[in-house]
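Heads up: the sequence shown begins at 599 in our numbering, then just goes up one per residue. Ideal Cβ positions, reconstructed from N, Cα and C, are used throughout, including at glycine.
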Amino acid sequence: TVITPAIVRVDLRVKRNPSWVHEWGDHQRQHPRVGAEGLVKAWTDLDGDKRGSYPQIRRPELNEPGLCVVRWADPVNEQICRIGYEDEFWLVAADEDRVQVPPAVAQGMITSLAGACRANDAAAVALAV
Numbered sequence: 599t600v601i602t603p604a605i606v607r608v609d610l611r612v613k614r615n616p617s618w619v620h621e622w623g624d625h626q627r628q629h630p631r632v633g634a635e636g637l638v639k640a641w642t643d644l645d646g647d648k649r650g651s652y653p654q655i656r657r658p659e660l661n662e663p664g665l666c667v668v669r670w671a672d673p674v675n676e677q678i679c680r681i682g683y684e685d686e687f688w689l690v691a692a693d694e695d696r697v698q699v700p701p702a703v704a705q706g707m708i709t710s711l712a713g714a715c716r717a718n719d720a721a722a723v724a725l726a727v
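Encoded structure:
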């Protein structure tokens, strides 16, 4: 499951999106490493509001909609990752069983962005993007 602001939460275990787009770049200091897993600690929603453990994290880079802070296990560090910012989705769930997908999407009632808009389901719109 691709991580978006609609389904992200504190301590969600994530890893690099296996459908990585070359144009996103591939610098280890700036982008998630292949095979690494980490935990989401804070994020910005699509309105740019800070969510999660932001008061403890205090990362000034977390200032645009669709970003998150991931604390990687190996090596131990924190990194800002894109979860919708500039239409880039760098992360997927490392454990599919722990992701909470909006019910309309999970039941197959909404399968596209257009369907999500027609249903006026904001969470499904964010997931379909």
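Inclusion of E676 and K648 in the CB contact set at 9 angstroms is not warranted, their separation being larger than that value. Within its own chain, the residues whose Cβ lies closer than 8 angstroms to the Cβ of D645, once the five positions on either side in sequence are excluded, are P663, listed in chain order. Per DSSP, Q677 is one residue of the beta strand (DSSP E) stretching across N675 to R680.
At a Cβ-Cβ threshold of 9 angstroms, E635 and A604 do not count as neighbours. For the pair V600 and V690, the CB atoms are nearer than the 9 angstroms cut-off.
W622: not part of any beta strand (DSSP E); DSSP gives it neither H nor E. Between the alpha carbons of G623 and C666 lies a gap of roughly 17 angstroms. In the structure shown, E684 adopts helical secondary structure according to DSSP, grouped into three states. Remark: C-beta atoms of R631 and R614 approach each other more closely than 9 angstroms.
Annotation: V608 to G650 spans about 6 angstroms, alpha carbon to alpha carbon. V668 sits close to L637, with the two beta carbons spaced by under 9 angstroms. Around the beta carbon of G682, a 10 Å sphere encloses 16 or more other beta carbons of the protein chains shown; the residue is thus reported as buried.
Annotation note: the stretch 641 to 671 contains the following uninterrupted alpha helix (DSSP H) runs of length 4 or greater, listed N- to C-terminal: 652 to 655.
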